[in-house]
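Just so you know, the protein sequences line up as chains H and B, in that order. To convert, note that position 560 of the first sequence is 881 in my numbering; the numbers rise steadily by one, no gaps. To convert, note that position 1008 of the second sequence is 1868 in my numbering; the numbers rise steadily by one, no gaps. We put the CB at the ideal spot given by N, CA and C, even for glycine. Because the structure is a prediction, the values reported are computed rather than measured.
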Amino acid sequence: MATYQEFIQQNEDRDGVRFSWNVWPSSRLEATRMVVPLSCLFTPMKERPDLPPVQYEPVLCSRPTCKAVLNPLCQVDYRAKLWACNFCFQRNPFPPAYAGISEGNQPAELMPQFSTIEYIVQRGPQTPLIFLYVVDICLEEEDLQALKESLQMSLSLLPPNALVGLITFGRMVQVHELSCEGISKSYVFRGTKDLSAKQIQEMLGLTKPAAPIQQGRPAQPQDHSFSSRFLQPVHKIDMNLTDLLSELQRDPWPVPQGKRPLRSTGIALSIAVGLLEGTLPNTGARVMLFTGGPPTQGPGMVVGDELKTPIRSWHDIEKDNAKHLKKATKYYEALASRSAVNGHCIDIYACALDQTGLLEMKCCSNLTGGHIVMGDSFNTSLFKQTFQRVFSKDYNGEFRMAFGGELEVKTSRELKISGAIGPCVSLNAKGPCVSETELGLGGTSQWKICGINQFTTLGMYFEVVNQHNAPVPQGSRGAIQFITQYQHSSTQKRIRVTTVARNWADAQSQIQHIEAAFDQEAAAVLMARLGVFRAESEEGPDVLRWLDRQLIRLCQKFGQFHKDDPNSFRLSESFSLYPQFMFHLRRSPFLQVFNNSPDESSYYRHHFVRQDLTQSLIMIQPILYSYSFYGPPEPVLLDSSSILPDRILLMDTFFQLVIYHGETIAQWRKAGYQEMTEYENFKQLLQAPLDDAQEILQTRFPMPRYVDTEHGGSQARFLLSKVNPSQTHNNLYAWGQETGAPILTDDVSLQVFMDHLKKLAVSSAS
Amino acid sequence: MNVNQQAHMASPYRQPQPALQGYSQPGYGEPPTQYAPYNGPNPGYQQGPAPAGYFPYSSLPSKALPATLASDLSSNSSSPLDLGPVRPSPNSGPPPMLTPQGYSQYTQGDVQNGPPTMSGQPHRPPVSQPYLPGSQPAYHQHYGAPHTGMQQMTNQMSGMHVSAPPPAVSGYAPSSHPQTSVSFSGVPSFSVSSQQNSPAASLTHGQPPSQPPFPGSPPLSQSPFPGVPPPGSQAQYSSTPPLPVSQPQYSSTPPLPVSQPQYASTPPLPVSQLQYSSAPPASSQAHYPGAQPPPASQAQFSGSSQTSPFHAPSSSFAPPAGAPRHPGVQPMQALPHSQYLSGPPRQPMQGPPLSQQNHVAPGPPQPGMAPGMQGPSAQPAPPGQGQGVHPHQNGAFGQMSGPQPGYGGSYPGPQNYGAQPPPPAAPPQKRLDPDSIPSPIQVIEDDQANRSSEPFTTGVRGQAPPLVTTNFQVKDQGNASPSYIRCTSYNFPCTSDMAKQSQVPLAAVIKPLATLPLDEVPPYIVDHGETGPIRCNRCKAYMCPFMQFIEGGRRFQCGFCSCVTEVPPHYFQHLDHTGKRVDCYDRPELSMGTCEFTATVDYCKNNKIPQPPAFIFLIDVSYNAVKSGLVDLICAELKTLLDYLPRESSEADSCIRVGFVTYNKVLHFYNVKSSLAQPQMMVVSDVADMFVPLLDGFLVNVNESRAVINSLLDQIPEMFADTRETETVFAPVIQAGLEALKAADCAGKLFIFHSSLPIAEAPGKLKNREDKKLVGTDKEKTLFQPQTSFFGNLAKECVAQGCCVDLFLFPNQYVDVATLGVVPSQTGGSVYKYTCFQVPSDGDRFLNDLRRDVQKQVGFDAVMRVRTSTGIRATDFFGAFYMSNTTDVELAGLDCDKAVTVEFRHDDKLSEESGALMQCAVLYTSCSGQRRLRVHNLSVNCCTQLADLYRNCDTDTLINFFAKYAYRSILNSPTKTVRDALINQSAQILSCYRKNCASPSSAGQLILPECMKLLPVYLNCVLKSDVLQPGADISLDDRAYLRQLVTSMDVAESHVFFYPRLLPLQKLDVEGDTLPTAVRDSEERLSKGGLYLLENGLHLFLWVGANVQQELLQSVFNTPSFGQIDPSMTNLPELDNPYSRRLRAIIENFRAQRPRYMKLMVVKQDDKLEPIFKHFLVEDKSTSGGASYVDFLCHMHKEIRQLLS
């Protein structure tokens, strides 16, 4: 039998699922004692090159409250042509098309290797993808130019039949009409006045003559003609649009000294949402907001236009001193909800040195599954590459984006769904498998994820509801089915069904099984999501305390120790890394706001709650590689002791990629040895991390900030702030002279953290 | 009588009888005051008459009359049909009786009056001296005047000379002597004469001739009259000798002598002689026949009657020449004169007697006549005197009495009379003979003839300029040209009491940026350097010729407030021995009435040098506008028009920037920045909260962005060719322009081309409230008020920004001009309206209006302030502007066609020495963005004698004021109230004159000041204008439109607007460049065989008589047949013949004279369009109930008499 490691990896590869526990405690009570809830990270659109979609409709359980999809776990009576739903035990006849079914002739969905299967269904008219650019024109000339080029470039990346639209904003908001010849035409809105969707549609001339509602199918084709003035197929108007973009001027309104330019981001988004909402609801659409500064007027204003009033900081927020915060947040939330209801996702590309109001606007992306990209300028490769990567294609040449996803979860009777954390909104679908306990977005068994890509990962939390006195039959398994309906980038409607099952175990008798089946990586990420989710609404210290308590309880539960003897404390292998993850998580920008602006925090959190496990782990505990003449590159401890003069370090924090040259290396480099042929090896040493970094840069979305620094360099702070401060100015000589670099911090080191943890875990007082 | 009177009361106009009676009565009344009894009841009159020994008189006159009557009858016999009986009666016996009575009454009245009047009558009656009653007295008075004092005489004389009298020729001539008063007075005198004796007649005769005088000379005479002498004359009258006296005068009595000499010297003399002669000819009747039937007859009559009395004098004078001349020379004049004269006397005469008689006999005989009857009937008697005369006179004044009948249906009556006597006279007589009442044409022609040759120099204070209709050159010698400022009077009363007494409004019509004729020099521009213009320290008046330099030039004393101010060193200059600065003539501000200062930054808004202004074109592209071809037309035109934006003469290119907006329910702005390859269109749908979507590229320099603009103008029609949007917004359009100007921080002008009622959901949304049922009710005023206050507030904002709005309307139905026009009218803009616009028919008019509107000189962001001498104050302002306080007239835009009427009131006394000074300073931004100050200075005299006031009035300006005043009043008062107030004030003016300035005379006489003799006719035109008295076919929009239009008219415009110019074309001087003499606006003046051109500044008609000669048609229309003339043509075919060329040149010339292009309408006689044309024949009764001139005159007379009594 394979190790659990292999089992976990296999399951992740096949189903995109990582459970915190791979053997489930069979009673509610026991489950709660496990500290880490039964939960999983689920990547609905996990890339499965080996999985050809099937071209028919899934077979559903006929019980109206169930409607689970036929899956390999179902019991099938081939003679009677019946199958039993493994969730509700309803016996269902096969549809006529399955008449030829037999044990030797199984449909794909019954084969065990198709625990994840994708159906292509022909439902409703197919509408092309929609890309609506919302462009800030209050940028610096250089930035605007770069942005214009990026946008023009993007036209060539879009599917030819995709509809594009353009809204620009500054002091005013302009909706550009793209169908006109000769004269370029745009609708202009004041940037300060909030308009209802209806008003916007009226003003854009999009109101339909009151036609009888068509039965059955949403009247998209008609809508199409209405919106056609603003949304045109790329292949038709790419020339036009290219010209239009190249003629885009900076906002001509003068910006007086000491003022910020007036940016009507709120209205621009509102109009974008309104435009799509009125004409093309429930279709795949991306609103792409490019902004170079904070919204400074109108609803959604984040900061006034006086430069002397700085944009809110965490300090202001804590002091309740951010006067626009609540209003703006509420405004964008309302927008995001509207957009989410219509299945349109909103991307935010914010490039500015100062904050741009992501804190307030984040929900637009968070709720709709859109991207947030934060950079210093549109004229950086960070933005350019990242933006390009939005349109990346998969092995089939299909865009790696899907729209209008709806994720439905079904559980077997012993389980209920507590909630989900990720870029989704609740669809408020009550049902028998919805738990009353909420973790994350709960109270529903269905969520909407307007924009999904192959990385989009949700944390799903479950509750074991089986009572202790009603043991599950030996050998039975609990099952969970994920049904994801979405619009593929090819505009096909698809349904992906993933059905997973795990063994039940009696926590009292089989605790070692459960313990061994613990996935500490997944658990760390899932707990981190819970923490981040809490951090959004609670004070930072509270979250940390909660996290600490959870950790201590876990250690108490699964550690081996003698009471009150910290030195006797031991954790099994499957738990050994978990405290370290927690240590780094506590220091991470997801929970620590110190040294981060509110925008940055929002940005980091945004990505944290949507990336898959690997990426999430990198975010929690960055990876550090060391390059030296003494051997091949090796991963080293994320510790100050790893910072040595004769090493080059490559640190990947997901958001940053830092190459750090040790003191000696830096001096050599400065001396130019790498130019000398006799030091070819030095040159290679310098090159090695660059190549590795390049590899990472090539694939990651969003592209990380690339930092090349050296000992004593100001940007070395990126590294120094991440490593475990095992050596500080306080204990500089305690650990011997030969290793590492002291970190000037009062933060506790991992060692101290662990000492405390042990002490608390073994303490009989707690 | 009583009955009649009552009738009058009921309906002044129509009931001629009553009117007549009323007149007569009042007339009596006046003198009667003494008679008291008379006034009250007819009996009084009757009594009066009876005792008067009418009989005797009557007998006398009757004798005379009978003859005339007979003759008349004989001549007229055909026409008089019905009347026949009546007339005959008078002729036969009864009439004389009546007349006698009338006479007697008069006589009595006169007599009695005489004495009293002597003392006071003149003043009281002032009402209408000119008319009949005055005539005798007038003469007397005139005579008297001389008696009274040589000065007066001389004054009169001088006045005479100056005034129309000379032109009056025959009539005038005499009149001139007696002048106007003469004429009128003559009338009365006639009556008197008739009553009294032939002598009276002779007097009347004198008057008749004077008729012309009425118009012109009267004032003079009057003025003298007021003087003591009049009384004397009256006394004379009373004694009966009056006539003789008058005769003597005529003949060349001592007093008169002076005048006579004058006469002799001046043209008037001959005239007078003529008249005299005519009179003497006694054979007047004979003349009549010989002369033109009606008028001649009258004149003759009068003459005849007069002659008899005059005989001696007349014979001495003119008898010989006179007789012939009348008929030949100035039949018209003569007639009118005679009529006038006759009229009044008769009325009175007739009135009383008639009434009696009427009741008795005439009553029955004259059903229709009835009213007229009274007067007329009585007159008939007068006919005895000089039937012709009387009728005429009646018609004119007394006629009032007579006329009244005429009004009601009096015509018949009068006709009867007229018919019987002389056919011509007959019909007209009923009322008055139109020829016998003051003729605008005559006055205009006279003024043109007398005053156009010499340049008008403004150096002398208080000099009244020639009429606006006169072509004259102005030399600025210290007072502003009349092109810039015209006053209602050039002699202000010194005290407010006088002003109140006279009721003459003291007002000035100021047209600050008026375009001067080519041969005059535009105002010099003066730069006083960095400190700005030199001003009085206290009142802030600008340096001007009225500043008196003292102390060797180191200080100057302000002419307005008398404050002494230091002269800044850089402005110091020594004085010469006369106290004038040595450099006086080198500095325009010291020697010219008008000059322009360059303003410094202190005079700029926010102390910032202004940006050059901008023009923004806002074009309606809704379905209607597109379909009518309007959008195409505008866009095509703008392409060329933009080359002609106004610019400083010193600059090659205009600094004005332009911007474009189109709109229907939403607004489309265009970015036409020169760097763009294609214009960009920006749609703003948020009309509830208008803003300008772009800054850079909206307002551009035409030359720089020409390619883009042209491309835009090419594309606009295409873009909206298929539009189906029918709804429009309006207020947001103005807001858009306003916001654009705000954003650009400049002043400017919006040209809005709008087609329909703005019913789309937006601020300022309007509803259709056209409700004709309200017309004539107390709620009528609401129709002129804006529907919402929104536009008023918007206008305020516009003014604050210097945003002037010109609105071109192309409605197919009601658009609520009253509301839409609020912003234009408060921002100094104009409204142009093209109802049911069609390119073929209205395109030319619109394009020409647009061209002119775009090209004309205009100033922006203007503030006008009128400073005056201590003692008077500018208290009220009329025009297209906004006022946020009581002194500053704020005009977002001020163009060369806009005039502001300013009313002054006393707040203290003025002195005769210093006169009244006014300075109108307009601070504005020129089209190149320079801040300028244009200063107009005007000084007028001040008087302590009312006569001086009346002698220096300008009726045209007065009418301008009245019209604006009335047109504003209807916003707050029922139309009827406004009309009554106008009539009342005019009556007061005239009665004050009559009472205080005219020589005493019979109350029955209508005596008008020379300068105001056209007041009744013009006033009538105002009263019956579409705004004040709408016809059924006049839309509310039209009324609101006209109302606003008139508000900013200058005097010339308002004059022709109210009294259109009507040119007969059949005798066109095709070679020269003189225009044919205009004819009066009456259908009677149109000949079936003629071709007439009528213009009123807005419309241009070519009326084609049914019997026009084929050759004429051929040369004008290129068609030989009347029936083939296309009535829809808007321009005459360009034919290569002298006549056509000349005619088209005239039309072009007319169009060039007016601020708005006049579309030519060809009206064929009896065609369906003719009623439209007839609407402009303002002397006739209008279909909407407006009185005819004659009727109105009678009504006025009645009013005056009521005031006097």
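Candidates 1751(B), 1637(B) and 1789(B), of which the one nearest residue 1605(B) by Cα: Locating residue 1605(B) in the second sequence gives position 745, where the first residue counts as 1. Nearest of 1751(B), 1637(B) and 1789(B) to residue 1605(B), Cα basis: 1789(B).
According to DSSP, is residue 1666(B) helix, strand or coil? Position 806 of the second sequence holds residue 1666(B). Correct three-state label for residue 1666(B): strand.
Residue 1126(B) (DSSP reduced to helix, strand or coil): Within the second sequence, numbered from 1, the residue matching residue 1126(B) stands at position 266. Confidence is the limiting factor: at residue 1126(B) the pLDDT is only 35, short of 50, which leaves the residue's position unreliable and the question unanswerable from this model.
Could you give the DSSP three-state label for residue 321(H): helix, strand or coil? A query on residue 321(H) cannot be resolved here, the shown segment of chain H reaching from 322 to 1087 and no further.
Hey, does residue 1069(H) have any beta-carbon neighbour from chain B nearer than 8 Å? Along the first sequence, read from residue 1 onward, the residue named residue 1069(H) stands at position 748. Cβ-Cβ to chain B under 8 Å: no for residue 1069(H).
State the DSSP-derived secondary structure class of residue 1524(B), mapped to helix, strand or coil. Reading the second sequence from its first residue, position 664 is the one you call residue 1524(B). Coil.
At the level of alpha carbons, what is the spacing between residue 1765(B) and residue 1916(B)? As a working note, residue 1765(B) is residue 905 in the second sequence. As a working note, residue 1916(B) is residue 1056 in the second sequence. Residue 1765(B) and residue 1916(B): Cα-Cα distance of roughly 28 Å.
Which residues in the same chain as residue 996(H) place their Cβ atom closer than 7 Å to its Cβ, once the five residues preceding and following it in sequence are excluded? As a working mapping, residue 996(H) is identified with position 675 in the first sequence. No residues qualify anywhere along the chain.
Say whether chain B places a C-beta atom closer than 8 Å to the C-beta of residue 576(H). Position 255 of the first sequence holds residue 576(H). Not an interface residue.
Does DSSP put residue 1842(B) in a helix, in a strand, or in coil? As a first step, residue 1842(B) is located in the second sequence; it is residue number 982 there, counting from the start. Three-state DSSP puts residue 1842(B) in a helix.
Which residue spans inside the segment 865-923 of chain H form an unbroken beta strand (DSSP E) run of at least 3? 881-883 and 886-891
At 4 residues or longer, and completely inside the segment 1607-1646 of chain B: list those alpha helix (DSSP H) runs for me, N to C. none
Below 8 Å on C-beta distance, what does residue 861(H) contact in chain B? Locating residue 861(H) in the first sequence gives position 540, counting from the first residue. The premise fails here: residue 861(H) is roughly 42 Å from chain B at the closest Cβ pair, so nothing lies under 8 Å.
Please list the terminal residues of the continuous beta strand (DSSP E) segment that includes residue 507(H). Residue 507(H) sits at position 186 when you count from the first residue of the first sequence. Taken as a continuous stretch (DSSP letters only), the beta strand (DSSP E) holding residue 507(H) covers 505-511.
How about residue 826(H) and residue 341(H): do their beta carbons lie closer than 8 Å? Residue 826(H) sits at position 505 when you count from the first residue of the first sequence. Residue 341(H) sits at position 20 when you count from the first residue of the first sequence. No, the pair does not count as a contact, with Cβ atoms beyond the cut-off.
Have a look at the DSSP bridge pairing and note the partners of residue 772(H). Working through the first sequence from its first residue, we reach residue 772(H) at position 451. DSSP output for residue 772(H) lists 724(H) as bridge partner(s).
Quick one: grab the DSSP three-state call for residue 741(H). For the purposes of this step, residue 741(H) is taken as the residue at position 420 of the first sequence. Note: residue 741(H) maps to strand in three-state DSSP.
Nearest residue (CA-CA) to residue 490(H), options 1891(B), 1714(B), 1554(B) and 2005(B): Taking the first residue of the first sequence as 1, we reach residue 490(H) at position 169. Ranking the options by Cα distance to residue 490(H), first place goes to 1554(B).
In three-state DSSP terms, what is residue 1709(B)? If you number the second sequence from 1, residue 1709(B) lands on position 849. Note: residue 1709(B) maps to helix in three-state DSSP.
Could you tell me which residues DSSP pairs with residue 553(H) in its beta bridges? What you label residue 553(H) is simply residue 232 of the first sequence in a count that begins at 1. In the DSSP output, where bridge partners are listed per residue, residue 553(H) has 485(H).
Segment limits, alpha helix (DSSP H) that includes residue 2129(B): The structure shown does not extend to residue 2129(B), since chain B spans only 861 to 2065, so no value can be given for it.
Less than 8 Å between the beta carbons of residue 1722(B) and residue 1783(B), yes or no? Taking the first residue of the second sequence as 1, we reach residue 1722(B) at position 862. Taking the first residue of the second sequence as 1, we reach residue 1783(B) at position 923. Contact: yes.
Which stretch, first to last residue, makes up the beta strand (DSSP E) that contains residue 1815(B)? For the purposes of this step, residue 1815(B) is taken as the residue at position 955 of the second sequence. Premise fails: residue 1815(B) lies in the alpha helix (DSSP H), 1815-1829, not in any beta strand (DSSP E).
Do three or more CB pairs link the segment 1437-1445 of chain B to the segment 1407-1418 of chain B at distances below 8 Å? yes
Since residue 573(H) meets chain B, which of its residues come closer than 7 Å, beta carbon to beta carbon? Here the question's residue 573(H) lines up with position 252 in the first sequence. Per Cβ cutoff of 7 Å: 1554, 1555 and 1556.
Does the beta carbon of residue 1565(B) come closer than 8 Å to any beta carbon on chain H? As a position in the second sequence, residue 1565(B) is number 705, starting the count at 1. No - not a single Cβ of chain H is within 8 Å of the one on residue 1565(B).
Please work out which residues of its chain come closer than 7 Å, Cβ to Cβ, to residue 1695(B), disregarding the five sequence neighbours upstream and downstream, and give them in chain order. Locating residue 1695(B) in the second sequence gives position 835, counting from the first residue. Correct list, in chain order: 1671.
Output the distance between the C-alpha atoms of residue 1840(B) and residue 1889(B), rounded to the nearest integer angstrom. Locating residue 1840(B) in the second sequence gives position 980, counting from the first residue. Locating residue 1889(B) in the second sequence gives position 1029, counting from the first residue. Between residue 1840(B) and residue 1889(B), the C-alpha separation is close to 12 Å.
Inter-residue CB distance, residue 724(H) and residue 772(H) (contact presumed, cutoff 8 Å): Here residue 724(H) refers to the residue found at position 403 of the first sequence. Here residue 772(H) refers to the residue found at position 451 of the first sequence. With 8 Å as the limit, residue 724(H) and residue 772(H) qualify as a contact, their Cβ atoms being about 6 Å apart.
Test: residue 1751(B) CB closer than 8 Å to a CB of chain H: The residue labelled residue 1751(B) in the question sits at position 891 within the second sequence. Taking Cβ atoms only, chain H never reaches closer than 8 Å to residue 1751(B), which makes this a no.
Give the DSSP-derived three-state secondary structure of residue 929(H) in the structure shown. Here residue 929(H) refers to the residue found at position 608 when the first sequence is read from its first residue. Three-state DSSP puts residue 929(H) in a helix.
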